[in-house]
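J.: Below are the structure tokens for one structure; questions will follow.
Residue numbers (the numbering used here): 206 to 508.
See the structure below:
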């Protein structure tokens with residue numbers, strides 16, 4: 206670009222390309238030139254000297270792209286400008302991590318976490334309230350990771366595990382109750398991994414393994430009974446992979462294979478022939494293991 210030497214050349218340059226303002230000498234940057242620049246291209250606002258940032262210049266830029274508010278001096282930010290920024294944020298999904306700290310308000314942060322709970326990580330600590338944190342974990346339970354310890358209440362933690370059971374890993378130990386752990390396991394069976402050993406009961410383990418077979422990995426040996434393992438394979442034959450060898454009886458293996466014939470290869474060699482032979486006979490309908498009664502409704506089997 207040819208060197209700009211006069212005010213006339215400066216005006217002509219920015220009228221053609223607003224961002225040409227970057228190459229206009231400071232002594233030729235006038236209110237008229239700067240306004241013309243942002244009228245042609247709102248992104249030219251960042252090249253406007255602070256002493257020439259008038260409400261008109263700033264508003265012109267923000268009306269085209271509210272993100273330009275980040276270049277406006279705090280003394281010039283009006284309620285109208287803030288509202289436009291908020292509407293732009295909600296409408297176009299600006300990432301909260303890209304929002305300047307001075308523009309992060311309670312309202313803006315709440316809108317952000319309601320759209321994407323991971324935004325909680327970028328909410329200033331002073332703006333993290335119980336209401337905001339609750340909204341975040343209700344949208345995505347794992348957002349509990351970014352909730353300050355002082356705001357991890359029983360209500361917030363319960364909401365988190367009800368949304369995603371494995372959020373239990375971020376629940377303070379003193380808030381891990383039998384009720385909360387049951388809610389976590391009902392939502393996501395393998396959350397059993399994060400249940401304290403003293404809270405793992407036969408009822409809880411049964412609730413877990415009948416929802417998803419891999420939960421059997423996290424059942425304490427003392428609760429891996431023939432009854433529990435049978436209930437697990439009745440629910441999903443793949444549970445056979447985690448049944449202790451000493452509990453793999455002909456009946457249990459047959460039940461697992463009838464539920465899913467792909468697990469036949471995991472049947473002990475000593476039992477495989479008997480199981481294959483038994484498969485040729487009609488299955489005798491047996492009542493499924495009784496699931497434990499719970500206060501909350503069961504959710505769909507974990508995938």
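No residue lacks a Cβ here, since even glycine has one placed at the ideal position from N, Cα and C. All figures in this text were calculated on a predicted structure; none of them were measured in a lab.
Roughly how far, in whole angstroms, is the beta-carbon of residue 332 from the beta-carbon of residue 309, given that I think they are within contact range, below 8 Å?
T.: Contact flag correct, Cβ pair sits at about 7 Å.
J.: Is residue 207 buried or exposed, if buried means 16 or more other CB atoms sit within 10 Å of its CB?
T.: That one is exposed.
J.: Hey, residue 362 and residue 376: beta-carbon distance below 8 Å or not?
T.: The answer is yes: Cβ separation under 8 Å.
J.: What is the rounded straight-line gap between the Cα of residue 222 and the Cα of residue 241?
T.: 10 Å
J.: Going by the CB atoms, is the gap between residue 229 and residue 215 shorter than 8 Å?
T.: Against a cut-off of 8 Å, the Cβ pair of residue 229 and residue 215 comes out as a contact.
J.: Given residue 212, which residues of its chain have a CB within under 6 Å of its CB, disregarding the five upstream and five downstream residues?
T.: For residue 212, where only same-chain residues beyond five positions count, the Cβ hits under 6 Å are 233.
J.: Can you tell me the Cα-Cα spacing of residue 316 and residue 393, whole angstroms?
T.: 27 Å
J.: Taking C-alpha atoms, which residue in 408, 390, 407 lies nearest to residue 400?
T.: 390
J.: Which first and last residues belong to the alpha helix (DSSP H) in which residue 440 is found?
T.: 431-440
J.: Excluding the 5 residues flanking residue 269 on each side, which residues of the same chain have their C-beta closer than 6 Å to its C-beta?
T.: 247
J.: Give the secondary structure of residue 345 by DSSP, where H, G and I count as helix, E and B as strand, and everything else as coil.
T.: coil
J.: Could you check what DSSP says for residue 513 in three-state terms: helix, strand or coil?
T.: Residue 513 lies beyond the residue range present for the chain, which begins at 206 and ends at 508; the question has no answer from this structure.
J.: Roughly how many whole angstroms lie between the Cα atoms of residue 420 and residue 326?
T.: Between residue 420 and residue 326, the C-alpha separation is close to 30 Å.
J.: Mark residue 273 as exposed unless 16 or more other C-beta atoms lie within 10 angstroms of its C-beta, in which case mark it buried.
T.: Burial call: buried.
J.: Check this for me: beta carbons of residue 301 and residue 324, under 8 Å apart or not?
T.: Residue 324 is positioned such that its CB atom lies closer than 8 Å to that of residue 301.
J.: Confirm, please, whether the CB-CB distance from residue 456 to residue 479 is below 8 Å.
T.: no
J.: Between residue 171 and the rest of its own chain, which residues show a CB-CB distance below 6 Å, the 5 nearest in sequence each way excluded?
T.: Coverage of the chain is limited to positions 206 through 508, which leaves residue 171 absent and any answer about it impossible.
J.: Use the C-beta contact count for residue 475: other C-beta atoms within 10 angstroms, 16 or more gives buried, fewer gives exposed.
T.: exposed
J.: Just to confirm, are residue 231 and residue 260 a CB contact at a threshold of 8 Å?
T.: Contact: no.
J.: Just the Cα atoms here: how many angstroms apart are residue 418 and residue 411?
T.: 10 Å
J.: Helix, strand or coil: how does DSSP classify residue 248 here?
T.: helix
J.: For residue 284, does the count of other Cβ atoms within 10 angstroms reach 16, so buried, or fall short, so exposed?
T.: exposed
J.: Report the three-state DSSP secondary structure of residue 271 (helix, strand or coil).
T.: helix
J.: Whose C-beta lies closer than 6 Å to the C-beta of residue 383 among residues of the same chain, with five residues either side of it excluded?
T.: 404
J.: Apart from the five residues just before and just after residue 236, which ones in its own chain have a Cβ nearer than 7 Å to its Cβ?
T.: 257, 259
J.: Would you call the CB atoms of residue 250 and residue 266 closer than 8 Å?
T.: yes
J.: Looking at the structure shown, is residue 207 part of a helix, part of a strand, or coil, going by DSSP?
T.: coil
J.: To the nearest whole angstrom, what separates the beta carbons of residue 438 and residue 460, a pair I think is in contact under 8 Å?
T.: 5 Å
J.: Let me confirm a value: residue 441 is counted as buried when at least 16 other C-beta atoms fall within 10 Å, else exposed. Which label applies?
T.: buried
J.: Is residue 388 closer than 8 Å to residue 367 when the C-beta atoms are compared?
T.: yes
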